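Protein chains in written order, with full-length UniProt numbering: chain U, 1 to 513; chain R, 1 to 329.
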Amino acid sequence: MSDLLTLTGITKSFGGVRALKGVDFSLRAGEVHALLGENGAGKSTLMRVVGGELQPEAGSITFEGRSLTLADPKAAADLGIAVIHQELALAPDLSVAENIFMRELPAAISWGKLNRRARDVLARMGFELDVRRRVGDLAVAQQQVVEIAKALSRDVKVIVFDEPTAVLSSRDAQRLHDIIAVLRDSGVGIVYISHRLEEVFKIADRMTIMKDGALVGVTSPQVSTIDDVIRMMVGRSLAALFPKAAHRSIGEEVLKVENLRRGIKVRGVSLSVRAGEIVGLGGLVGSGRTETARLIFGADAKESGEIRVHGKVVKINSPLDAVLAGIGLVPEDRKHHGAILDMSIRINTTMARLKPVVNALGFIRRQRERDTVMKLGQQLRLKSAGPEAPVSSLSGGNQQKVVLAKWFHAGGDVIILDEPTRGVDVGAKTEIYGLIEELAAAGRAILVISSEHQELFGLCDRVLVMAEGELRGMLLPEDYSEEKLLALAMTNSVAADQAAPLDLPAHKHQPVN
Amino acid sequence: MTQSVTATPVPASRRSFDAGEFFRRYGTVCIFVVLVVGAAFESNAFLSDRNIMNVLRQISGTGIMAVGMLFVILTGGIDLSVGSILALGSVVSAIAIDAHGTGLGVGLSVAAGAGCGLVTGVLVAYAGLPPFVITLAAMTAVRGFALIVSDGQPIMMGDDASTVITNFGSGFFLGIPDPVWLMALVFVLAGVVLTFTKFGRLVKAIGSNREAVRLSGIAVPRYVMAVYVISGALAALAGVITTSRTGVGSGVVGVGSELNVIAAVVIGGASLMGGKGGVINTLLGALVMGVIANIMNLVGVPGYNQQVCMGAIIVIAMLLQHGSRWFKR
Ligand SMILES: Nc1ncnc2c1ncn2[C@@H]1O[C@H](COP(=O)(O)OP(=O)(O)OP(=O)(O)O)[C@@H](O)[C@H]1O
Ligand SMILES: [Mg+2]
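(1) Can you give the Cα-Cα distance for Met318 (chain R) and Pro302 (chain R), rounded to whole angstroms?
(2) Can you give, in chain order, each stretch of the alpha helix (DSSP H) that sits fully within the segment 33-92 of chain R and has at least 4 residues?
(3) Over the uninterrupted beta strand (DSSP E) stretch that includes Asp418 (chain U), give me the two end residues.
(4) Got a sec: does ligand 1 put a non-hydrogen atom nearer than 7 Å to the Cβ of Leu394 (chain U)?
(5) Counting only the same chain and skipping the five closest in sequence on each side, list residues whose C-beta sits under 6 Å from that of Gly89 (chain R).
(6) Checking the sheet assignment: what are the DSSP bridge partners for Ile193 (chain U)?
(7) Distance cutoff 8 Å, beta carbons only. Does Val213 (chain R) sit that close to anything in chain U?
(8) Counting C-beta neighbours from all protein chains within 10 Å, is the total for Gln321 (chain R) 16 or more, i.e. buried, or is it exposed?
(9) Does any residue of chain U bring its CB to less than 8 Å from the CB of Thr197 (chain R)?
(10) Look up Thr208 (chain U) in the DSSP assignment and give the residues it is bridged to.
(11) Secondary structure at Val299 (chain R), three-state DSSP: helix, strand or coil?
(12) When DSSP builds the beta bridges, which residues end up paired with Met466 (chain U)?
(13) Considering Thr120 (chain R), what are the terminal residues of the alpha helix (DSSP H) in which it resides?
(14) Check each candidate in R:Ala286, R:Met157, R:Gly38 and R:Gly191 and name the one with the smallest Cα separation from Val91 (chain R).
(15) Where do the ends of the beta strand (DSSP E) carrying Phe363 (chain U) lie?
(16) When the cut-off is 8 Å and only beta carbons count, does Ala127 (chain R) lie next to chain U?
(17) State buried or exposed for Arg201 (chain R), treating a residue as buried only when at least 16 other CB atoms are found within 10 Å of its CB.
(18) What do you get for Ile446 (chain U), buried or exposed, if any count of 16 or more other CB atoms within 10 angstroms of its CB means buried?
(19) Run through DSSP, which three-state label would Gly40 (chain U) get?
(20) Would you call the segment 246-263 of chain U and the segment 212-229 of chain U in contact, with 3 or more CB pairs under 8 Å?
(21) Under 8 Å, with one C-beta from each stretch per pair, do the segment 416-432 of chain U and the segment 324-341 of chain U reach the 3-pair mark?
(22) Thinking C-alpha only, which one of U:Met125, U:Ala299, U:Gly338 and U:Met343 is nearest Ala322 (chain U)?
(23) Using the rule of at least 16 other Cβ atoms within 10 Å of the residue's Cβ for burial, across every protein chain shown, is Ser48 (chain R) buried or exposed?
(24) My guess is that Ile84 (chain U) and Arg289 (chain U) are in contact by the Cβ rule of under 8 Å, so how many angstroms apart are they, rounded?
(25) Using DSSP with H/G/I as helix, E/B as strand and the rest coil, what is Ala19 (chain U)?
(26) So Arg24 (chain R) contacts chain U; which residues on that side make the cut at Cβ distance below 8 Å?
(27) Which residue from U:Ser60, U:Gly136, U:Leu176 and U:Ala75 puts its Cα closest to that of Ala91 (chain U)?
(28) Throw me the rounded Cβ distance for the Gly207 (chain R) and Gly275 (chain R) pair, which I believe falls under 8 Å.
(29) Can you tell me where the alpha helix (DSSP H) with Phe63 (chain U) in it begins and where it stops?
(30) Alpha carbon to alpha carbon, what distance is there between Met310 (chain R) and Gly101 (chain R)?
(31) Alpha carbon to alpha carbon, how far is Gly278 (chain R) from Ala264 (chain R)?
(32) Residues of chain U with CB closer than 8 Å to the CB of Asn51 (chain R), please, in chain order.
(33) Just the Cα atoms here: how many angstroms apart are Gly51 (chain U) and Ile316 (chain U)?
(34) Taking the alpha-carbon of Glu211 (chain R) as reference, which of R:Thr75, R:Gln58, R:Phe46 and R:Ala66 has the nearest alpha-carbon?
(35) Please determine whether the Cβ atom of Asn398 (chain U) lies at a distance below 7 Å from any heavy atom of ligand 1.
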């Protein structure tokens, strides 16, 4: 089969950073081609060249046998090349339908027609979503669906997915894979970037592996194993994905939340986390996990509920109250909530606890701050041009590390992590798991929200499962399985009431304490 | 469909001077230098010591207000009330100096300005009302208040009471007018605060991503409120300078000066979206405004034409700083 798209010797630098060093890449029609590599390997940059957003300094692009330059995103779009970015680019104040047809909105909008067409596109994808809703009000996963629908609203020959499943639950990810299979069978060339290697091995026909801006090799799931690919990506083999801290003892109850409520999203959630314990919060996207975390942290106002830290009732009406009570939150949406993209790594890292780097007069102790930030950066293996580099210049995974560094620096007794390894490569994931283990071993109470079930099972001492704003049960390590988790996550409230899972300790559902 | 697709080979690696980036950084400096050189050619009088001191003295009030405005704009806000607060500061200083002496008089005047800023600040920061509208309301109300307090009349001070303040207004220290020293002091302090303190960092951070700052456990409203207080206090201080130069307090001074102040900050490269801007460029922005007015006076451009030129210069400044993408097309 001949190639649909060929890139040869693509080179691109940003200031002093050589992001791409003469990379070759080829894509055939009707294949799913995975692009793999560590955070900062240059995957997104290469795809931004394909999307016409970046002009390479050297190298050539051939599309359907013709050599060409892609001067801007429109040139690429006109050829039928669609790139779905890692960082979503939607207009938050417009509706779902308007966003889907953004490029071809007529001067006078006929709402009935527009909404109908939008519903059609979504239905073809197998997703249901109110097309009139404001995109800014949607959860990240739903926004991802809109972004994909936007790409599929016109005819495409090449479609690039840059970490599409990082924010999707496994059920939504499965649906996306079904869509991809259909697209492939209709002859579309698909580039698929992901750090979730299991899914890559399930759907990819070929895999290109990059490291430090250069090509390492091209292989396929038939030829290589996951371990082979990790070795190509990282340059070494990984001992264990979930490193366990040498010694971790579970102590006193640190965080206790009782009957937390807000609207239909959080309906009477009670939970507790003890010192040295890592508790998981599982469930489908939209089950109220993020909202629960935000209520505990004071990011939203709760209607009712009591929060205790170390046995003492704390009044939490704002994130400031939470931080003072020793609670930290690594939010799900790093672009809007986690990091200040325009500002330096240094400033972002110390934002949640400025005290140690500020003197009595309010002056910043610059050298001390730099040292602190450099040390954390080394611990997390942050890849950057230095502490003064703006966070926006980092690759997605490294941006996430900066947000983690911020809360590691803040050092509260309770740390809530909402999708902590979203968009993080395997090597860095292991490091982050190790760091979470270390935090727990140091006596912190840790609550982890994740849509990656393996992550919850590998990391947590127990996993609470939410659905429709309520806790539906708890899994202990001996019960860990996808089926059991999904069974709890998908119970509807009537069935749950009848089964009364929370009162049956002998059953597989444990009481939530 | 293939219009924008050219079949030419990709040009080889080129590392050229990035004009867009250069002007984004140094646009204000360029404009300033070009203006000064141009002005020097146009008029022999321009570079005389007397004229330079004159320009500096004239911009001292605008410059001081521009510092307050810079803080507000850095948080993503705007303060339209500074012109009116300037008038209030002028009136209050004249009355209070007459009654209580220079020190307390100046103090009371600045406190009055800070008080105005506190009210707008609370409404903007805690009640979450839009700064444009709130400070617009304050602009009207404070102007009225200044006129009520002064009864619509210029306020004369007794000769004894006014000596110190008028000496300041017309005096020199080391050959430089006293108000210019005051402006310099304000700029230096602001520069130190913005660059080296927690407060300055948080002000910029709030303008860049307010929600991320809030979610870091920072009491955002406190800082937002503070910038309006600073802006109000500095506007009143500019009012004191006005009084010191004329010897009278007046409720009608500073009409429209908020626009000059905003223009100075924006010519200095600050973004009205917040997060971007610095004191040195703001000073240059104020100087640019002053030099333009001065050279047009020197060569005798009539008032209305001056306004048109002023508008044109602002547009040119914006194009230099932000239009690079447009030029590239
Ligand atoms: N606009 C930019 N300015 C400066 N450096 C940049 C810019 N964009 C990317 N880089 C640098 O280029 C390198 C490659 O980044 P890229 O985003 O392509 O990585 P990636 O492989 O997509 O990583 P991830 O898996 O974390 O998304 C990184 O070192 C990054 O810091
Ligand atoms: Mg990327």
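Positions of the beta carbon are idealized from the N, C-alpha and C atoms, including for glycine. As the structure is a prediction and not an experimental result, all values here were calculated from the model.
Short version:
(1) 25 Å
(2) 49-74
(3) Val414 to Asp418
(4) yes
(5) Ser109, Gly113, Ala236, Gly239 and Val240
(6) U:Leu35 and U:Asp162
(7) yes
(8) buried
(9) yes
(10) U:Leu35 and U:Val218
(11) coil
(12) U:Gly283 and U:Leu471
(13) Thr102 to Ala125
(14) R:Met157
(15) Element bounds for Phe363 (chain U): n/a, residue is neither H nor E.
(16) no
(17) buried
(18) buried
(19) coil
(20) no
(21) yes
(22) U:Ala299
(23) exposed
(24) Between Arg289 (chain U) and Ile84 (chain U) the Cβ distance is about 25 Å, and since that is not below 8 Å, they are no contact.
(25) strand
(26) By Cβ distance, chain U contributes nothing, its closest Cβ being about 13 Å from Arg24 (chain R), past 8 Å.
(27) U:Gly136
(28) 4 Å
(29) Where Phe63 (chain U) is concerned, there is no enclosing alpha helix (DSSP H), although the beta strand (DSSP E) it sits in stretches over Ala58 to Phe63.
(30) 40 Å
(31) 12 Å
(32) In chain order: nothing, as chain U lies at least about 39 Å away.
(33) 45 Å
(34) R:Thr75
(35) yes
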